[in-house]
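Reviewing the structure listed below.
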Amino acid sequence: MKKHARLTRRSFLAKSAAAAAVAAAGPLVIAAGKELKMKPRPDLLDAEAPKGLEVFQLTTEPDLSGAHLYMEAQIFTPDSKRFLLHRSATAHGGNKHDPKHKYYVCDLENGGALTPLIEELACVAPSVSPDGKFVYYFVDETTTGGGRLTLKRVNLDGTGRRTVLVVDAPLPGTAFRPSELYPLSTISSDGKRFAISAFLGDGQTENAPWGLLVFDLEKATVSLVIHGQTWCNMHSQYCRSGDPEAAHDILIQENHGNVCNKQGSIVTLVGGDGADIHVIRDDGSNFRNMPWGRDGNEFCQGHQCWRGCTAWGITSTGTHKPRGSFLIEGAATPHAGHVGLKTPGGVRNDLTRGLNEARFSHFGGDLAAKRFISDAGPFDKGGRIYTAEFGAAGKDPLRNWKCLLNPRSTCKKDSHIHPFLSPDGMMGFFNSDESGILHAYMLRGF
13 MKKHARLTRR SFLAKSAAAA AVAAAGPLVI AAGKELKMKP RPDLLDAEAP
63 KGLEVFQLTT EPDLSGAHLY MEAQIFTPDS KRFLLHRSAT AHGGNKHDPK
113 HKYYVCDLEN GGALTPLIEE LACVAPSVSP DGKFVYYFVD ETTTGGGRLT
163 LKRVNLDGTG RRTVLVVDAP LPGTAFRPSE LYPLSTISSD GKRFAISAFL
213 GDGQTENAPW GLLVFDLEKA TVSLVIHGQT WCNMHSQYCR SGDPEAAHDI
263 LIQENHGNVC NKQGSIVTLV GGDGADIHVI RDDGSNFRNM PWGRDGNEFC
313 QGHQCWRGCT AWGITSTGTH KPRGSFLIEG AATPHAGHVG LKTPGGVRND
363 LTRGLNEARF SHFGGDLAAK RFISDAGPFD KGGRIYTAEF GAAGKDPLRN
413 WKCLLNPRST CKKDSHIHPF LSPDGMMGFF NSDESGILHA YMLRGF
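One rule links them: number in our numbering = place in the sequence shown (from 1) + 12.
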């Protein structure tokens, strides 16, 4: 077995001499007459940063955190000009009862100007519609086994706010009431369906279930499409393909061995055999496996996403022997038990093969599946952010790797770097608490 040596900037770039040939993007384009609102941070670059790389701090309040929504969140307009930011939040969400907790529109054409869009108390889990016109979100006033959940829609300019649906009774055909909403929602590529996971316990039942709620935005209805005790951390993500059938597929994570209390607070996230990842149709049918983890050596770290608008998925896995954290893509395969990479007929591709060492964790790609970004260790020294390019799906490793910078984060859970790309792949985004408080940042020119 090939030994995985310590990853350094020089050894990493030496594996990809072609990286130097990748042309740097031009300077940030701002509409004529618009003032730069975000803060340039050239001090975060070092002598080995790629030529032309720019760093901007998007949130700058000195006593209040700002953060990006999680990497997989659908927060951008399709033209890559506007997106949602999170105020008074951590890298994994915020306190919905905090009156300072808000969602902003960041307008990159207007120098990164931030405009409040969602300011209601208990607002959670926004998603931008695929056409960029609307933002759907929840006002979560649920309690364990009761309360009220309101699905709302607002135009991206803040006008036309309206209620789509109120859930204040058991979900249709069940005795379950949703609570403890997951902080991320997901919307189908045709903009017709909206999904989120939630706790379904009543506060009295041991090992109560969690489930996936799918909202029909045209009919203003909701369905519970799957539920069980192992679905406490779903990371549900609609496939972004425009194919009419693929547009119904949702990527979901199953946490075997998790332990929750009667109120839905997670005591143990996953057991020793680890999580596995599945794809399900949004009517609850066609349950499939992704060929990752659960073989006694490889385990899923907990982040996965679709490869652009394709039907391929990518996850970050850890292994016990050799020690490492790798990026593996795969295709959904008929369910054959919770056997992960041992699923019969499973197709997988190690995107990080050939590197001296792989220590990757959180990542994202562009819509065209051409460009890729990831954080990597050593996380006890601020972490690193790398970019790369995709080759052929299912065949090629990532190539033309570049180390952009050390974001200087403490890399604690609430300050994870969580990098992702704009839909067009021309801008990168990350979190850091290098200033002493968590803020959101942007990269250009890589």
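Positions of the beta carbon are idealized from the N, C-alpha and C atoms, including for glycine.
So, helix, strand or coil for residue i, using DSSP?
{"i": "residue 350", "result": "coil"}
{"i": "residue 103", "result": "coil"}
{"i": "residue 68", "result": "strand"}
{"i": "residue 55", "result": "helix"}
{"i": "residue 206", "result": "strand"}
{"i": "residue 287", "result": "coil"}
{"i": "residue 168", "result": "coil"}
{"i": "residue 126", "result": "strand"}
{"i": "residue 332", "result": "coil"}
{"i": "residue 108", "result": "coil"}
{"i": "residue 391", "result": "helix"}
{"i": "residue 260", "result": "helix"}
{"i": "residue 231", "result": "coil"}
{"i": "residue 7", "result": "Given that the chain is displayed from residue 13 to residue 458, the structure contains no residue 7 and the question cannot be resolved."}
{"i": "residue 424", "result": "coil"}
{"i": "residue 121", "result": "helix"}
Tell me which residues share the same chain as residue i and place their Cβ nearer than 6 Å to its Cβ, disregarding the 5 neighbours each side in the sequence.
{"i": "residue 423", "result": "391 and 395"}
{"i": "residue 40", "result": "Residue placement at residue 40 cannot be trusted, given a pLDDT of 49 that sits under 50; what the coordinates show is reported in the next sentence. Cβ within range, chain order: 456."}
{"i": "residue 85", "result": "196"}
{"i": "residue 142", "result": "201 and 203"}
{"i": "residue 148", "result": "139, 165 and 206"}
{"i": "residue 110", "result": "100"}
{"i": "residue 66", "result": "456 and 457"}
Exposed or buried, residue i, counting other C-beta atoms within 10 Å across all chains shown (16 or more means buried)?
{"i": "residue 443", "result": "buried"}
{"i": "residue 378", "result": "buried"}
{"i": "residue 335", "result": "exposed"}
{"i": "residue 54", "result": "exposed"}
{"i": "residue 174", "result": "exposed"}
{"i": "residue 230", "result": "exposed"}
{"i": "residue 316", "result": "buried"}
{"i": "residue 190", "result": "buried"}
{"i": "residue 48", "result": "exposed"}
{"i": "residue 216", "result": "exposed"}
{"i": "residue 446", "result": "buried"}
{"i": "residue 36", "result": "With a pLDDT of 36 at residue 36, under the threshold of 50, the modelled position of this residue cannot be trusted; read the value that follows with caution. Exposed is the call here."}
{"i": "residue 74", "result": "exposed"}
{"i": "residue 401", "result": "buried"}
{"i": "residue 418", "result": "buried"}
{"i": "residue 435", "result": "buried"}
{"i": "residue 221", "result": "buried"}
Can you list, in chain order, the residues of its chain whose CB lies under 8 Å from that of residue i, leaving out five sequence neighbours each side?
{"i": "residue 112", "result": "76, 99 and 100"}
{"i": "residue 345", "result": "300, 301, 302, 303, 355, 356, 357, 358 and 359"}
{"i": "residue 406", "result": "324, 341, 343, 359 and 361"}
{"i": "residue 273", "result": "279"}
{"i": "residue 294", "result": "200, 205, 207, 226, 237, 250, 260, 261 and 262"}
Just how far apart, CA to CA, sit residue i and residue j?
{"i": "residue 462", "j": "residue 248", "result": "Residue 462 lies beyond the range of the chain shown here (13 to 458); nothing can be said about it."}
{"i": "residue 279", "j": "residue 185", "result": "29 Å"}
{"i": "residue 327", "j": "residue 341", "result": "6 Å"}
{"i": "residue 430", "j": "residue 453", "result": "11 Å"}
{"i": "residue 369", "j": "residue 291", "result": "30 Å"}
{"i": "residue 226", "j": "residue 451", "result": "32 Å"}
{"i": "residue 64", "j": "residue 399", "result": "14 Å"}
{"i": "residue 271", "j": "residue 289", "result": "18 Å"}
{"i": "residue 408", "j": "residue 376", "result": "17 Å"}
{"i": "residue 169", "j": "residue 132", "result": "16 Å"}
{"i": "residue 154", "j": "residue 241", "result": "20 Å"}
{"i": "residue 182", "j": "residue 433", "result": "39 Å"}
{"i": "residue 91", "j": "residue 251", "result": "19 Å"}
{"i": "residue 330", "j": "residue 285", "result": "12 Å"}
{"i": "residue 70", "j": "residue 80", "result": "10 Å"}
{"i": "residue 275", "j": "residue 214", "result": "8 Å"}
{"i": "residue 388", "j": "residue 282", "result": "23 Å"}
{"i": "residue 158", "j": "residue 188", "result": "9 Å"}
{"i": "residue 322", "j": "residue 381", "result": "8 Å"}
{"i": "residue 97", "j": "residue 338", "result": "29 Å"}
{"i": "residue 62", "j": "residue 199", "result": "35 Å"}
{"i": "residue 177", "j": "residue 263", "result": "24 Å"}
{"i": "residue 234", "j": "residue 228", "result": "6 Å"}
{"i": "residue 34", "j": "residue 412", "result": "With a pLDDT of only 31 at residue 34, under 50, the local geometry of the prediction cannot be trusted, and no value is derived from it."}
{"i": "residue 59", "j": "residue 415", "result": "12 Å"}
{"i": "residue 136", "j": "residue 211", "result": "15 Å"}
Considering only residues of the same chain and omitting the five flanking positions on each side of residue i, which have a CB-CB separation below 7 Å?
{"i": "residue 448", "result": "none"}
{"i": "residue 105", "result": "195"}
{"i": "residue 128", "result": "114 and 116"}
{"i": "residue 134", "result": "108, 109, 151, 152 and 153"}
(message) Across the region 302-313 and the region 341-352, are there enough close Cβ pairs to call them in contact, namely three or more that are closer than 8 Å?
(response) Verdict: yes, contact present.
(request) Specify whether the region 250-259 and the region 309-316 touch according to this definition: at least 3 beta carbon pairs, one from each stretch, less than 8 Å apart. (result) no
(message) Three or more C-beta pairs under 8 Å: does that hold for the region 235-249 against the region 260-269?
(response) yes
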